[in-house]
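For the protein sequence lines, the chains are A and B, in the order given. My numbering puts the first residue of the first sequence at 801, with every later residue one more than the last. My numbering puts the first residue of the second sequence at 801, with every later residue one more than the last. Everything below concerns the one structure shown next.
Protein chains: 2
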Amino acid sequence: MSLEPEKQVDAPAAAAENESDVERIAADFDRIHALCEILEPAFPQIEAGTPIEDETLRVKFTELSSLLAELHPADVAAVLESLPPRERNIVWLLVAPEDDGEVLLEVSDSVRESLIESMDKDELLAAVDDLDADELAELADDLPHQVVYEALQTRDEEERAQVQAAMSYEDHQVGAIMDFELVSIRADVACEVVLRYLRRFDSLPDHTDKIFVVDENDVLQGVLPIRKLLVADPEELVENVMSTEVVRFRPEDDAEEAAQAFERYDLVTAPVIDGNKKLIGRITIDEIVDVIREESEADMLNMAGLQEEEDLFAPIWDSVKNRWMWLAINLCTAFLASRVIGAFEGSIEKIVALAALMPIVAGIGGNSGNQTITMIVRAMASGQITDAQAWRLLKKEVGVALANGVIWGSVMGLVAWLLYGSFGIGLVMVAAMTLNLLLAAVMGVMIPTLLEKNGRDPALGSSVLITAVTDSGGFLIFLGLATVFLL
Amino acid sequence: MSLEPEKQVDAPAAAAENESDVERIAADFDRIHALCEILEPAFPQIEAGTPIEDETLRVKFTELSSLLAELHPADVAAVLESLPPRERNIVWLLVAPEDDGEVLLEVSDSVRESLIESMDKDELLAAVDDLDADELAELADDLPHQVVYEALQTRDEEERAQVQAAMSYEDHQVGAIMDFELVSIRADVACEVVLRYLRRFDSLPDHTDKIFVVDENDVLQGVLPIRKLLVADPEELVENVMSTEVVRFRPEDDAEEAAQAFERYDLVTAPVIDGNKKLIGRITIDEIVDVIREESEADMLNMAGLQEEEDLFAPIWDSVKNRWMWLAINLCTAFLASRVIGAFEGSIEKIVALAALMPIVAGIGGNSGNQTITMIVRAMASGQITDAQAWRLLKKEVGVALANGVIWGSVMGLVAWLLYGSFGIGLVMVAAMTLNLLLAAVMGVMIPTLLEKNGRDPALGSSVLITAVTDSGGFLIFLGLATVFLL
C-alpha cells in the first residue's frame, strides 16, 4: 500500500506540512482530473504510443504517470470511475500492468466492461495472471471466452476446479464471493505445533482471524480463532481450544443473508461447507462489505426505476437504455391517470377549479405512499418483517394516514374553501385527501409485501408503482366525489 | 454464541433433521411472534410479576423464555424491533439482565428509547455495568443523566475519561465509534517476546488483526499485523516486521470517510491518534459496517422525506411527527403547482383536454428527474463526484433528456393527436415533454450538487424537491405552450 496517510491537526500552522490523508487523496484526485482534461486532446498520440511532441503536454503526462504510480489500486479504480471515456483510457494506459488485475476487480461492473473492451487478449492474460482463483472467477463473466480458457490452462488442476466451481454460482450466492485461500489444521495437535506450522508460511491469507479445524476427510470440526491461539497454553490440544459453535455457510446460500449474519455476529471470516460438511472455502468481511454496499445501492436504484448501477459517464445511448423501461412504465401509468381525468372532462368543464386542485390530492398521496414504502423496504432489507407483521403494519399505517388525512386535508380544505368560495369544494378536498392517503398506506404496505411474497425484489420500481396508484386513485377519488356531490 | 448453525443440503430427506441456521432462526422468530401474540392479553400480570393463572398461558410463557434464552443478543434485538409495544415489553422482561446492555447496543435508536423508558434506574445501572467504556458512551445519550452519572462513579479514572472523550464527539465522527480496548507494544522487542506477552492476556480484544507499536510516549510508530507476527522469525525485532505505512484516523474525522477508507483498503481495524500522534483508540470493521448500513439507509429515508429511522411499531403519533415536515413541504409545493394551473384556468375551460394531458408531462419529468438525482446521490456517497465532474455530468444528463424527450415525447404526441384529433395538441405535447425532461435533468444534477456544496446532505428530501420542480415546471411549460400556440 502506497499511502502514508498521516491524520493531522487542522491547526493552520501544521496544515501546510501535514495534510490529512483524506485531504491529500482528494487533492491528488483533483490534480489528476485537471491533468486528464489538459491531456485529453493528445489522446490519439498517447493511445498510439507515439511520443508527445508538445513539451508542456509531455511534462504533464509524466506528472500524471507518477501521481498514478503512487496510488493504491482501489484509489486508481475510483479515479477511473470518475472520468469520462477518453480521459479514462489515458489513465488506464498509464496503470502498471501488474496492477491491472487488481484495478479491474475494484471498479464497478459497467466501468469494468469499458476497460476490458479497450484491452487486447495478451494484455488481458497478463492482467489476470497474478489473480487468485476466486478473483479470476469474479472477472470471468466479463472477459472474452478465449481469455478465460487460456488463463485456465496456466493454472493447476485444483485451481481450475476452484475457478469453475466459483463460476457456477449466481452473483447473489455465497459461492460467488467465497475464496479458497485458507489455513486448516487437525484437532489433535498442540497449539505449539500450530504456531510452528504457521511459521512455515511466507504469508497468511488476508483477513485470517481464525484457522479452520478439519478431520482427515476435510470435514469441518470447528474453528480456532487466532485470538484464542495466541493466549492458549502451547501444550494444549487444538480440540480443547477450538470453538465448535460456528456460523457456516453453504455456497448456495443467499449472500445477503450471509451479510446479515456477519453484521449480527460481528464476523471477520466464516467457513463455507458443501453438502457433506466438507470445508470448501471461506467468506471474508471485505466481500461482505461490498455485498452490503451493493445491496443498499441496488435498493435505492430500483426504487427510483434504474435497472442497474450506471457508469456515470456512460455513452448517452447506454444511459437511455438503462432507464427506458421504467420511463415507459411511468408513461403507461401516467396515460392511465390521464384517461381517468378524461372521463371527468365534463365535470372539469363545469368547475374548472377541479383541474387546479386535483394534483394536490394526487401529490400528497404519492409523497406519503413513498414514505411508507421506503420504510417497509428498509425493514425488509434488515430482515425485520415477517408475514404476520405485515397485517399489523397495515393497521398502523392506516392510522397514520387517517391522522395525516384529517390534519392536512382540513388545512387544504380550508384553503380551497377560501380560494374558491365554495364550502362544498373544501369538503370534497378533505374527503379526497383522506381517502387517497388511506389508499397510499394500504398500497405502500401491500406492494412490497406482495413483491417479496412472489420472490421479487420488494424495492423494484416500488416508487413508480405507488405513484401510479396514488395518481390515478387520487384523480378518481377527487373528481368522482366532486361529480357526485358538487354537480 | 448460542447457535450451532449447520448449513445443510436442501434434499427432502435431510431437510427434517438438518435445517439451515437461517431457516432455524426464521422458524424461531415465527414461533416467538406467535407466542407473543398469545401472551399479549396477559401483559399486565407479566409486567406486575404476578404468576400467570391460566395453565396454557403459563406453558407458553415458559416456552417463550427458553426460546429467548437461546438467542444471541443481536437476534434478540432483531426480535424486539419486529414487535409492537406491549409484546416487545413482554420479550424485554424475559431477556436475562446480563444481556440487557448488549441488546440495548444492538437495537435501533428509536426502539432503544422505548426499551429504556420501560426500565427503572437500578435496572439500567445493572444493564450498563458490564459494558466497555465506548459502549457506555454509545448508550449515554439515551440514558437518564442520573444513570450516566452513577455508572461513571463505578469506573476508574481512565475509563471515565474515555467515556467522556467518546461522548464529546458527534455521532458522525470517528471519535464516537472508536473503542479503547487494544494491545500495544514497543518496537525494540523481539517477536518471541510479543508472543509471550500476548499469552499473558486472558483474551485479546475482538477483531485484533494487528498490534499497535508505540514509543514510550504512546506515539504511534507502526502496526504489527498478526498475520506477519505469526510467520515472522521469533528472534526478529518488531521494528523490522512492522508496517509503518498505516491508515490512521483522527477522532474528528468523518466516520463516512473512514468507512470509505476501510472499504478501499480492506481494513479490519485502524488506529485513532490525537494531534500529537499519540495512540488513543482504534476503529473496528463491525462499527464501520454499521456506519455503511446506517449511511445508505439514511440516504434512502432522506430521499423519501422521512426524518429518521422510524420504529416500525412506533405509536401513530410519533410516526406522524416523523413524517409531517416533508408532507408539509410537499403540500406547499403542490399548492404552488395548483396555482400554476389556476393561472391557466381560462385555457383549460377552452380546451379541457389540457387538464387530462398535463399530468403526463409532469409525471415523466418527475420520474426522469428522480432517476438522475438517485444516480448522483449514489455517486456522491461513494466519493466519485468532484466539482469539475458536475458540469460534465450536466452535459451528459441533458443529452439523455433530449433523447428521451424526442422518443417519448413523440410517442405521447402521437397518442394525443389521435385521441383528441388535434395535430397542434400533439406538437405541444412533444415540445412540453422534451422541455420538462431537460428541466428535470438540469435540476437533477443541480439540487444534490448545491446541497453538497452548502454542506447539506445531498439526499435530503431531494426526491420531494425534484418532484416539486418538475410538477410546477411541467404544468407551466405545457399550459403555457398550449395557451400561446393553441388559443
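Using N, Cα and C, we set each Cβ at its ideal position, and we do this for glycine too. Because the structure is a prediction, the values reported are computed rather than measured.
Burial is judged here by how many other beta carbons sit within 10 angstroms of a residue's own beta carbon; threonine 1234 of chain B has at least 16 and is buried. Boundaries of the beta strand (DSSP E) around arginine 1082 of chain B: 1079 to 1084. For valine 1228 of chain A, the enclosing alpha helix (DSSP H) covers residues 1223 to 1253. The stretch 940 to 999 of chain B contains, as complete alpha helix (DSSP H) runs of 4+ residues, the segments 945 to 953, 957 to 967, 974 to 977 and 991 to 999 (chain order).
Against chain A, the CB of lysine 860 of chain B has no partner CB under 8 Å away; the residue lies outside that interface.
Distance between glutamate 1145 of chain B and alanine 1282 of chain A, taken at the CA atoms: about 17 Å. Taken in chain order, the members of the stretch 1051 to 1082 of chain A whose beta-carbon sits within less than 7 Å of a beta-carbon on chain B are Asp1053, Glu1057, Glu1063, Arg1064, Tyr1065, Asp1066, Val1068, Ile1073 and Gly1075.
By the Cβ test, the stretch 962 to 973 of chain A is in contact with the stretch 936 to 950 of chain A, since at least three Cβ pairs between them sit closer than 8 Å.
Taking C-beta atoms under 8 Å as the contact rule, alanine 1104 of chain B and threonine 1172 of chain B fail to qualify, at a distance of about 17 Å.
Taking a Cβ-Cβ cut-off of 9 Å, the neighbours of valine 1031 of chain B in chain A comprise Leu998, Arg999, Arg1000, Phe1001, Asp1002, Ser1003 and Leu1004, given in sequence order. Residues of chain B with a Cβ closer than 7 Å to the Cβ of serine 1138 of chain A are, in chain order, Ala1156, Leu1157, Pro1159 and Ile1160.
Interface flag for phenylalanine 1113 of chain B against chain A is set, since a Cβ pair is found closer than 8 Å. Three or more beta-carbon pairs drawn from the stretch 1137 to 1144 of chain A and the stretch 1264 to 1282 of chain A are found closer than 8 Å, and the two stretches are therefore classed as touching.
For the stretch 1092 to 1104 of chain B, the residues whose beta carbon sits under 9 Å from a beta carbon of chain A are, in order, Ile1092, Arg1093, Glu1095, Ser1096, Glu1097, Asp1099, Met1100, Leu1101, Met1103 and Ala1104.
Here DSSP, grouped into helix, strand and coil, assigns phenylalanine 1113 of chain A to coil.
Listed by position along chain A, the residues whose Cβ is nearer than 7 Å to that of proline 884 of chain B are Arg1192. The Cβ-Cβ distance between leucine 904 of chain A and alanine 927 of chain A falls below 8 Å. A distance below 8 Å between beta-carbons, with the five flanking residues on each side excluded, links isoleucine 832 of chain B to the following residues of its chain, in chain order: Leu864, Leu867, Leu868, Val879 and Val891. Only residues of its own chain outside the window of five on either side were considered, and among them Ile1173, Ile1176, Val1177, Met1180, Pro1258, Ala1259 and Ser1262 have a CB closer than 8 Å to the CB of proline 1248 of chain B, listed in chain order.
Among the residues of chain A, those whose CB is under 9 Å from the CB of threonine 1008 of chain B are Asp1009, Ile1026, Arg1027 and Leu1030, following chain order.
Listed along chain A are Ile1164, Asn1167, Ser1168, Asn1204 and Trp1208, each with a C-beta nearer than 7 Å to that of leucine 1127 of chain B. Under the 8 Å criterion on CB atoms, glycine 1261 of chain B is classed as non-interfacial with respect to chain A.
By the Cβ-count criterion, valine 1047 of chain A is buried, with 16 or more other Cβ atoms from all chains shown falling within 10 Å of its own Cβ.
Taken atom to atom, the span from the alpha-carbon of aspartate 1018 of chain B to that of glycine 1081 of chain B is near 11 Å. Within its own chain, the residues whose Cβ lies closer than 8 Å to the Cβ of threonine 1084 of chain A, once the five positions on either side in sequence are excluded, are Asp979, Asp1006, His1007, Val1068 and Thr1069, listed in chain order. Shortest Cα-Cα distance from isoleucine 1148 of chain A to any of A/Leu1287, A/Leu1079 and A/Ala1061 involves A/Leu1287.
Listed along chain B are Val1068, Ile1085 and Val1089, each with a C-beta nearer than 8 Å to that of isoleucine 1085 of chain A. Counting along the chain, the unbroken alpha helix (DSSP H) around valine 1284 of chain B starts and ends at 1262 to 1286. For glutamate 1036 of chain B, same chain residues with a beta-carbon under 6 Å away, outside a window of 5 residues either side, are Cys991 in chain order. By alpha-carbon distance to leucine 931 of chain A, the top candidate from A/Ala1059, A/Ala1058 and A/Asp899 is A/Asp899.
Bounds of any alpha helix (DSSP H) do not take in glutamine 1107 of chain B, whose DSSP letter is neither H nor E.
Look at valine 1089 of chain B here: in three-state DSSP terms it is helix.
Around the C-beta of leucine 1250 of chain B, fewer than 16 other C-beta atoms lie within 10 Å, and the residue is accordingly described as exposed. Residue-level contact by beta carbon fails for lysine 1253 of chain A and chain B, as no gap is shorter than 8 Å.
Serine 908 of chain B and glycine 1280 of chain B have their C-alpha atoms spaced approximately 49 Å apart.
Valine 1014 of chain B is bridged by DSSP to B/Leu1020.
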